[in-house]
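Contents: one structure, followed by commentary.
Protein chains in written order, with the working numbering: chain X, 30 to 703; chain Y, 15 to 634.
Structure below.
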């Protein structure tokens, strides 16, 4: 809370001082009221003086008016300061979150960030308002009443000094014991929610296995548990009101008895006894409020702590590049590449895949590679093993890189380094010859377009979603992107076309449609590098193939116009998606275990052969071998091993059919996360 | 500092009384479907049906109401006794100690009894309400368990969960506790009135006439602030939606360098929120000082009038103690009114919740097994699907005239575009849904004539949507056979190629899987579900995209285990990957709810139809 206060309270200094001050004045008048009534009785009634009664009555009225005047000023100050501070915190927090790189986002997780920027800020806001409005009022009223009572008569005031701490202690006792219980009740309630959700999401499995009775029993137990804890906490809370009521009224009894003695000897008046009784009531009321405030502030300080945690986290990726990077002169550097592409396209239309290798054979010289990874390693924060281990590769403009491997092999991590979503732990990532850390972030991310694994859109229209990278794209450009992304039909089928509404997350589109729209989104604004991070997985094979073809055509067309053809990175688990790539990078446990064209890898890389075989792709020689082994995973190939030469002579080809545990891919995932 | 991550949500109920504007309204009424459509239950019906849940605790119910009445009346008697005591203390040398002593003792006894009864009341109502809502909750949950799948598929799960969790909680707070508060509130109002009249009729009339001013003030302020609250809520909702959407996809925002534009939008909403929030908060914060002001004025008026009565004896004689009594009453009298109004809102919310719960409890359940349903014993796995038509909604037929005859041990592969009805067929086989026309027979018996339990026991099923529950890995694997030994579980995991990663877990097979499957990858979750089926010994196997999230190398290994499992068993496999289904005895190519081609892989390739086209597309 202190840190938040230091940072955000300054602007509202006036409100924060004037507000409580006004509240204090109001309280002073409240404390004086019983004294005025006492005077009314003692001077008015005892002396049968009607004018004194009216005089003091008038005074009460004036007190009330002054009180509300000050109270209104205080409330205004409180609402201004608290809402203002809340607004400032939200803006600062949102800005800060936007500075975060993936590493920080991973650390907090987005749901947690959402809670912090909404609920937690609201909690702090509420606490500020209550601090101004009530934190002053109730403690001062309690203390003021006690002081006033002591001023009237010290001996009688002692009853206050005894009973008030007792009441406060009862409150402390009950609340300190019940608040943790409340959490427990909430936790049990959450469990009931969890079981209900499980019962709904798993309804098919539960019914298929006829385990309904078991689920009923689990739920019943959870409900019993919840009721038991709730009853226990209720038992505790039920003590609070009766005990404080009892203590207070016994104190009143004592005041009356003791007061009688004092009045009898003339050291106290009847009106003053009444004032004492009234002060007692006021004190109790104040303690009740103070106790409630404690709860609010406990919650708010937890919220403030969570907000601070975000502020204290400095983004690991800082936009250090301040000079715009010149892209290579497209016209001459790429002319050769364009020619290659055309040749490749022509060859492909003719039906030959092998011709594509020609594209690679003519290695374009004289220009910087579009993407160059120099011995790049990357370890996720807190992970023991690196997610990427000494990856080294280079890709020329206009080429296509295919990245293939099992889940958790580091494919996505690799491509996330290109637009600097993470920074490499070791080594360097270069884009068109310039280290990505020297690129201005905005320009870098404009040049590199990413189609993420999960296809999601934001609420708005098709147009507003497509214009994410480039706000002023024309309709023509949008349609072109849609055509390439195989999404034009989807949009054409919509009545409002480009202006058709998109619901949050793009829920009103199917997975495949969403996927194609996100591809189109990445294509708008002419990126130089396109990264498809396993984004074709929701597409059927036909559409996937058509997409890749359209991308090649687009690139060729752009090169033919003298522009920079775009470089594509395709991450996939499917061999069919990457087989035509200029360069295929086979990943396993964060290492590159094979690098080359399909034709090369199919001959030389055991892992690649296995992947091919498992997908029914033709692998010369390998299939028979696999069949012979009863279809089981053959290889005890060590990671990082690129098997040279003929597959038949590869080590491990003759090893036992049962794959050793370590070669089962899911294991990698566990170690990745560890 | 307490653990800042701990949930403190429930404390809100304690603090809401002073939070003023913490407006967490009731949940928006239910989603679409049959739950919203039914007739609105009358309040009397709602109360009658709730009474059913209170009846088992009738003793607690009676005790809590009797003690509530006793406690309230005794508490109200206190100001009168204090007044009488003060009348004993007139001045120097003029104190009636005998009477004062008696009154003090009496007062001590009264407050003790009041405190004890208040405690008993709190204890009883607490016990009663939590037990009653537990029963209600169990009923609601079990009701969901008896609903047909069409219902569960058609209703947003969040809505159903909210009914079981939040609505039931609302009923506990509102209807059970609320009713007691309403009762004590009314007793307080009536009791105060009676006591005041017993002391002084004219003064009582004055108090009764002026107190509504305070209530009026509170009402006016509430009315004023409600509108601005609604505006604030709306903008807060927009802001929340923005955050939910953009922070929820912060990685995407990062990758597209969209941050500045998102911030612009956010700041626009945020400054709107400031204006609305400041206004709403100010207006609502007027309520306390406003009513306090009116109360202070009333206090002054009662004081002055009381003193006038004491001095002049007009319009009615009064003692100084009487003035004190009235000052107390005047101070307290508005409180029960405020409480009653807030309780009434709470009760209204609770009524809405109760209606939602009863709508759920009244929904039509899945038809029970036919009375003459037979137990399927030792199924052979002969599945005959005969002229089956099916649709989820009548306007859109999903399956049309499906005929398949699977003899024991045959392997069928279902192929076709998304939404062509492959998964639906599986729903029908397990009787999650019933066919609209035609019939499905297992070993020659219509499946509607079989008990669901024995029918479903004949099947082993792995779905694309993996389901793990909160429990250990071993419990999850043994879900279909709770009596399995650890050795059997491990063997099943080994066959599913899940053993190695399970062993790598911190507690191996005893690792507790958290909410939503915890940290397992989709592929690992699928392997666990496969192990679950490996452990059972079904006659028929249904695999619906069972290996879609497993990388192809592991899939190949799992497939080998499946081959073993499927040997001699009838199986139906839905898959996108043609390689996984090439081995099938019969491939069923589906489109638009019909089987358009059937045959082995080689036959269909030779025929050059839709399947061949699809197959070629893979290698295009």
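In this text, a Cβ means the ideal position worked out from N, Cα and C, and glycines have one as well.
Asked: Applying a beta-carbon distance threshold of less than 7 angstroms, which residues of chain Y neighbour residue 447(X)?; Found: Near residue 447(X) there are no residues of chain Y at all, since even the closest Cβ is about 10 angstroms away, more than 7 angstroms.
Asked: Taking the beta carbon of residue 571(Y) as the centre, do at least 16 other beta carbons fall within 10 Å, making it buried, or is it exposed?; Found: buried
Asked: Give the interface partners of residue 286(X) over in chain Y, defined as CB-CB distance under 8 angstroms, in chain order.; Found: 114, 115 and 118
Asked: Please report the straight-line C-alpha distance between residue 93(X) and residue 355(Y), rounded to a whole angstrom.; Found: 25 angstroms
Asked: With a threshold of 7 angstroms, establish whether the CB of residue 285(Y) neighbours any heavy atom of the ligand PLP.; Found: Absence of the ligand PLP from the depicted structure is noted, as is the absence of any ligand whatsoever, leaving it without description.
Asked: Tell me whether the stretch 322 to 330 of chain X and the stretch 124 to 135 of chain X touch, counting them as touching only if at least three CB pairs, one residue from each stretch, are closer than 8 angstroms.; Found: no
Asked: Taking 8 angstroms as the CB-CB cut-off, is residue 78(Y) touching chain X?; Found: no
Asked: From 243(Y), 443(Y), 75(Y) and 609(Y), pick the residue whose C-alpha is nearest to that of residue 144(Y); which is it?; Found: 75(Y)
Asked: Select from the stretch 135 to 146 of chain Y all residues with a C-beta closer than 7 angstroms to any C-beta belonging to chain X, and list them in chain order.; Found: 136, 137, 140, 141, 144 and 145
Asked: Return yes when the Cβ of residue 278(X) is within less than 8 angstroms of the Cβ of residue 487(Y), no when it is not.; Found: no
Asked: Between the Cα of residue 558(Y) and those of 468(Y), 453(Y), 452(Y) and 430(Y), spot the shortest distance and give me the residue it belongs to.; Found: 430(Y)
Asked: Out of curiosity, what's the CA-to-CA distance linking residue 297(Y) and residue 77(X)?; Found: 44 angstroms
Asked: Do you know offhand how far residue 536(Y)'s Cα is from residue 482(Y)'s?; Found: 11 angstroms
Asked: Name the two residues that bound the continuous beta strand (DSSP E) containing residue 415(Y).; Found: 413 to 420
Asked: Just the Cα atoms here: how many angstroms apart are residue 146(Y) and residue 320(X)?; Found: 30 angstroms
Asked: Measure the CB-CB distance between residue 225(X) and residue 175(Y) and report whether it falls below 8 angstroms.; Found: yes
Asked: Could you please tell me which residues of the stretch 489 to 509 of chain X, in chain order, have their CB closer than 8 angstroms to any CB of chain Y?; Found: 497, 498 and 500
Asked: So, under 8 angstroms CB-CB, residue 238(X) and residue 494(Y) are touching, yes? Tell me the CB distance rounded to an integer number of Å.; Found: 4 angstroms
Asked: Distance check for residue 502(X) and residue 404(Y), CA to CA, integer angstroms please.; Found: 46 angstroms
Asked: Are the beta-carbon atoms of residue 353(Y) and residue 199(Y) separated by less than 8 angstroms?; Found: yes
Asked: If we cut at 8 angstroms on Cβ distances, does residue 435(X) have a partner in chain Y?; Found: yes
Asked: Tell me whether residue 530(X) sits in a helix, a strand or coil according to DSSP, three-state version.; Found: strand
Asked: What would DSSP say about residue 108(Y), mapped onto helix, strand or coil?; Found: strand
Asked: Could you tell me whether any Cβ in chain Y is nearer than 8 angstroms to the Cβ of residue 614(X)?; Found: no
Asked: Use the C-beta contact count for residue 419(Y): other C-beta atoms within 10 angstroms, 16 or more gives buried, fewer gives exposed.; Found: exposed
Asked: Between the stretch 310 to 323 of chain Y and chain X, which residues of the former have a C-beta closer than 7 angstroms to a C-beta of the latter?; Found: 310, 311, 313, 314, 317, 318, 321 and 322
Asked: Would you please verify whether the beta carbon of residue 392(Y) is less than 8 angstroms from any beta carbon of chain X?; Found: no
Asked: Which first and last residues belong to the beta strand (DSSP E) in which residue 474(Y) is found?; Found: 473 to 476
Asked: Going by beta carbon distance, what residues of the same chain come within less than 6 angstroms of residue 480(Y), once the five residues before and after it are set aside?; Found: 539, 540 and 543
Asked: In the DSSP assignment, find the unbroken alpha helix (DSSP H) run with residue 573(X) in it and report its ends.; Found: 570 to 589
Asked: Contact check, residue 567(Y) vs residue 639(X) under 8 angstroms by CB: the rounded distance?; Found: 5 angstroms
Asked: Any idea which residues DSSP pairs residue 616(X) with across the strands?; Found: 434(X) and 621(X)
Asked: Using a Cβ cut-off of 7 angstroms, which residues of the stretch 556 to 570 of chain Y contact any Cβ in chain X, in chain order?; Found: 565, 566, 567, 568, 569 and 570
Asked: Could you give the distance in angstroms between the alpha-carbon of residue 610(Y) and the alpha-carbon of residue 648(X)?; Found: 32 angstroms
Asked: Using 8 angstroms as the limit for Cβ to Cβ distance, is residue 576(X) near chain Y?; Found: no
Asked: For residue 193(X), count neighbouring C-beta atoms within 10 Å of its own C-beta (all shown protein chains included) and say buried if the count is 16 or more, exposed if not.; Found: buried
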